[in-house]
Every structure is written in structure tokens, then in C-alpha cells.
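Trainee: Before I ask anything, let me first share the structure, which is written out below as C-alpha cells.
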Ligand SMILES: Nc1ncnc2c1ncn2[C@@H]1O[C@H](COP(=O)(O)OP(=O)(O)O)[C@@H](O)[C@H]1O
Ligand SMILES: [Mg+2]
């Protein structure tokens, strides 16, 4: 079979790495891809937002299956357009992708189907939102743009002034264009965050191993939010007991809710969870594999990834057993200094790293020019490592991270520290 993967990040590089292992696939394509995907697949220089050109490409190359994982193409209806020509996809259609592309849709869904989430109010009028914040007594409070905002549309406001500024930025100054014209204001939850990726065919849902992202740019969770600076999997705070509650009270109800709403969800559904002293809450859904969670979760997957993907689109996930290694994976992201704000790119990357079993170097933002690999984004490389214990996995991932060199390289030195220090008897 010929399989096309849409995207250009570390997530897509990881997906290609594991699709390569499938005997069923004879050729892989990636669009637009990066310096490393081109070693595993044929890169095509087409924008991931150009549905018409992508459909043309699928027809021309006689591609049998398309994997769509970035959020913008999914909410842009790429799956719908490809399925129209009779080609199957991994990923939700536009209507199902709204579970991520509209936070208001997701919050209302959870309210309607009694899925635990922070209490919230929705606003489409700036004055009313400001009035509401004026009347609030409890801070922090959380202000969220309704639509996709490159991971920057959520503000934790510590007082009225910060809340008002965020509302005015979003609703009046249109900082996130259309995405911020409507907002959610919600209760601040305290606890530990867990990322949970799942596979679903719309009827059956099967969780992958849990993980812990590190969103903030600097050590000890300081600095601005980023796309993610590192991940460990599994997440030790996601205990068996909590997993059981989540499956019964969150995972299955969500899939059933989407079906009842006439938007059956197929593909990878990501649950952003907060484990609080009152149990697990949903912070948000993503309609796709997380980046960089994927780079720490897929290295632990034992089952053929392509087989699972096909089962999600064919609707027979129930009969497929999905297995993971009982090991740990740590992923450290190397970034361009200054990310997520201003940074420079175009610097040569030297790897100094021999190929080694259970070590994965995924490219996030790289390109090839004159046979040299150059930095080409804020997040540049994700170094993942699988070992028997979390401690060993972290140590090895850092050993690899240190060896890779490029100008202005920056990375957090405390990935997984919180997980290693988890008090054994703590509930959260
Ligand atoms: N209600 C909340 N209480 C506490 N923290 C929150 C809440 N909602 C979001 N956050 C924090 O903000 C981050 C981003 O919010 P999220 O809803 O995941 O939006 P996005 O990923 O689209 O930016 C979360 O990972 C979490 O750390
Ligand atoms: Mg999030």
C-alpha cells in the first residue's frame, strides 16, 4: 500500500518511523515534511492547508491511505475532501474535529453528557465578559479563546486586571483573529496534568500509555507556554485506579456523546486531564496525536501502528489487541533559544550520535540545504529514549541531547523531575 502522512513536525517524523515497520506499506509519502522525513518517505512540497492540491496528489500517486495529524488541516476538512474520492484516512472529519477547534463546543458537550470539566461561562460580547470578571471573587481564573490559537489562546489570570487585559486582547484587539471573538471563562483547577492519547473508531476507545508534557519554556514550569519542551511516558500520576475512573467516566462517555451528536470520532483522541483531589477532570480535547507526546508514546507501542490506524477507519478496533512495552520513555525537545518568542534559524546541526537501539532522534523543525541539515523552527529536534526505568530513560535522553550541537541550542534540564519525585502515597 501507498501511505501519505500530512505534516512537518516531530510528531509526523515519529509516525513515519513506526509506519516504516509495517510490512503492508510499500511506499511512504510526507507532505510537506522535513529533513528527516525525507529519509523515510518521499516529501512533496505542497501546503498542508491546500486541500485541492493534496487531493490531486493523492489521485496522481494512487495513494491508498492518508494519515492526517496536524490540527489546522483537520479543522479545514482535509479528511472529508480525501474521503470524497474514496480514499480512507486516519483522523476525524471536520465535524468531529470541532471537539478541538471549538472549545465552546467541547465544553457544552461535556456539560450535556456529564463529563467532569471546570465550571465555565461562554461569552460573545466583550462588555458582558468584562462585567462577569468584575463580579468574580475567586482568582486565578482561566480565559480561553474558542478557536485554534497555536497553543497561545489560554490565559491564567491571577487578578481582575490580568483577566480584563486578556479579554480585551482576544475580543476587542482580535489578537487571535476569529478564534478569540468568542471566549470561555472557567474555573481554575488545581492538580497534576496527564496527557492521554487514545485510538478510537467511533464506537470503541482504547487508551495508549499515559504521558506528562512539559509545556512551559523554562525549568520548574516557569516562562511562557510552548508547544511542549519534553515528555515522559507513562505518567506515574496516572495510576490504575485513576485510569479505571477515566475510562468509565470520561473516555467512553466522550465517544458515546460524539456518536449521539452525529459526529462519530475516528482517529486519535487526546484527553488533556487534570487529576484533582476531587478526581480527574477534562481540561481539553485534541482531535489528534499530541506533539511531543507522540514522540514518547509511540516508541513504547508494540502493535503494528498501521494495523491500528486501519482498524480506526474500518470500525473494527474492538477486535484488535493493542500492546505497549512495560518500560519508560523520556523525550527531551531541543529548541532554538528564544522560542516561543523571537528566535533565529538556519544554523547547521551536528549529530555526533551513532545509531543506537531504543534511541530515537525525531526532527521537528529542520531542513536540508546544500546537503547540510539546518535548524528551521522553534522546536528543532526531539530526543527520545526507551529504558526499563524512567530514571534510566531520562538519563539516556539527556546524554543524547547533549551530543547534538547547533548554535543557540536550548533545552529544559528538568524533564521528568516531577515524575521521579512523585510521592508514592500521594493521591495526586
Ligand atoms: N481550568 C484550568 N485550570 C487550571 N489550568 C488550566 C485550566 N485550563 C487550562 N489550564 C492550563 O493551560 C494549559 C493550556 O490549556 P488548554 O485548554 O489545554 O489549551 P491549549 O492546549 O489549546 O492551549 C493547560 O495545559 C493547563 O496547564
Ligand atoms: Mg492543551
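Numbering (the numbering used here), first residue to last: 362 to 789.
Note that CB positions come from ideal geometry on N, CA and C, so glycine has one too.
Taking its Cβ as the centre, do 16 or more other Cβ atoms sit within 10 Å of residue 446, making it buried, or is it exposed?
Mentor: Under this definition residue 446 is an exposed residue.
Trainee: Does any CB atom of chain C fall closer than 8 Å to the CB of residue 745?
Mentor: Within the model displayed, chain C is absent; a lone protein chain is all it includes.
Trainee: Relative to the C-alpha of residue 631, which candidate in 485, 519, 615 has its C-alpha closest?
Mentor: Selected option, being the one with the closest Cα: 615.
Trainee: Using CA coordinates, which residue listed in 438, 700, 675, 644 is at the minimum distance from residue 478?
Mentor: Looking at the Cα atoms, 644 is the closest of the given residues.
Trainee: Just to confirm, are residue 567 and residue 683 a CB contact at a threshold of 8 Å?
Mentor: Yes; because the gap between Cβ atoms is below 8 Å, this pair is in contact.
Trainee: Tell me which residue opens and which closes the alpha helix (DSSP H) that residue 667 is part of.
Mentor: Where residue 667 is concerned, the enclosing alpha helix (DSSP H) stretches over 666–675.
Trainee: Give the DSSP bridge partners of residue 735, in chain order.
Mentor: Looking at the DSSP assignment, residue 735 forms a beta bridge with 709, 728.
Trainee: Excluding five sequence neighbours on each side, which residues of the same chain lie with their C-beta closer than 7 Å to the C-beta of residue 512?
Mentor: Closer than 7 Å at Cβ, skipping near neighbours: 586, 588.
Trainee: Secondary structure at residue 568, three-state DSSP: helix, strand or coil?
Mentor: In this structure, residue 568 counts as strand in the three-state DSSP scheme.
Trainee: Kindly indicate the opening and closing residues of the beta strand (DSSP E) around residue 504.
Mentor: It spans 502–506 - the beta strand (DSSP E) in which residue 504 sits, taken as one unbroken run.
Trainee: Between which two residues does the alpha helix (DSSP H) harbouring residue 761 extend?
Mentor: Its alpha helix (DSSP H) spans residues 751–764.
Trainee: What residues does ligand 2 have around it, judged by CB closer than 6 Å to any heavy atom, in chain order?
Mentor: Any residue whose Cβ sits closer than 6 Å to a heavy atom of ligand 2 makes the list: 633, 645.
Trainee: Are there any heavy atoms of ligand 4 lying less than 7 Å away from the beta-carbon of residue 550, as far as the coordinates show?
Mentor: Ligand 4 is absent from the structure shown, which contains only ligand 1 and ligand 2.
Trainee: Buried or exposed for residue 369, please, with buried defined as at least 16 other CB atoms from any protein chain shown within 10 angstroms of its CB.
Mentor: The residue in question, residue 369, is buried, as its Cβ has 16 or more Cβ neighbours within 10 Å.
Trainee: Would residue 713 and residue 778 be called neighbours here (beta carbons separated by less than 8 Å)?
Mentor: Their beta carbons are not under 8 Å apart, which means residue 713 does not touch residue 778 by this criterion.
Trainee: Counting C-beta neighbours from all protein chains within 10 Å, is the total for residue 795 16 or more, i.e. buried, or is it exposed?
Mentor: Because the chain in this structure spans residues 362 to 789, residue 795 falls outside the shown range and cannot be described.
Trainee: Rounded to the nearest angstrom, what separates residue 749 and residue 689 at their Cα positions?
Mentor: Each residue's Cα considered, the two are about 6 Å apart.
Trainee: Is any non-hydrogen atom of ligand 1 found closer than 7 Å to the C-beta of residue 754, if you look at the structure I gave you?
Mentor: Answer for residue 754: no, Cβ out of range of ligand 1.
Trainee: Cβ of residue 443 versus every heavy atom of ligand 1: is any distance shorter than 7 Å?
Mentor: No, since every heavy atom of ligand 1 falls outside the 7 Å radius drawn around the Cβ of residue 443.
Trainee: Would you check whether ligand 1 has a heavy atom nearer than 7 Å to the C-beta of residue 518?
Mentor: No.
Trainee: Give me the Cβ distance between residue 626 and residue 553, rounded to the nearest whole Å; I'm assuming they're in contact under 8 Å.
Mentor: About 26 Å; that fails the 8 Å criterion.
Trainee: For the region 607–684, list the alpha helix (DSSP H) runs that are entirely contained and at least 4 residues long, ordered along the chain.
Mentor: DSSP runs (the alpha helix (DSSP H)) wholly in the region 607–684: 613–621, 654–658, 666–675.
Trainee: To which residues of the same chain is residue 540 closer than 7 Å at the C-beta, ignoring the five residues directly before and after it?
Mentor: Only 506, 507, 508, 509, 510, 514 meet the Cβ criterion.
Trainee: Compute the minimum distance between the beta carbon of residue 576 and the heavy atoms of ligand 1, and state whether it is under 7 Å.
Mentor: Yes, ligand 1 has a heavy atom inside 7 Å of this Cβ.
Trainee: For the alpha helix (DSSP H) that residue 320 lies in, which residues bound it at each end?
Mentor: Since the first residue shown for the chain is 362 and the last is 789, residue 320 is missing from the structure and cannot be characterised.
Trainee: Between residue 669 and the rest of its own chain, which residues show a CB-CB distance below 7 Å, the 5 nearest in sequence each way excluded?
Mentor: Correct list, in chain order: 560, 681, 683.
Trainee: How many angstroms separate the CA atom of residue 746 from the CA atom of residue 657?
Mentor: About 8 Å.
Trainee: When the Cα atoms are used, what is the spatial distance from residue 718 to residue 448?
Mentor: Approximately 35 Å between the Cα atoms of the pair.
Trainee: Going along the chain, which unbroken runs of the beta strand (DSSP E) with 3 or more residues stay wholly within the region 394–480?
Mentor: With a minimum length of 3 residues, the continuous beta strand (DSSP E) runs that stay inside the region 394–480 are 426–429, 449–451.
Trainee: Spell out the partners DSSP gives residue 531 in its beta bridges.
Mentor: BP columns for residue 531 are empty, so no partner.
Trainee: Return the first residue and the last residue of the beta strand (DSSP E) that residue 541 is part of.
Mentor: First-last for residue 541: undefined, no H or E at that position.
Trainee: Whole angstroms is fine: what's the gap from residue 437's alpha carbon to residue 709's?
Mentor: Approximately 34 Å, taken between the alpha carbons.
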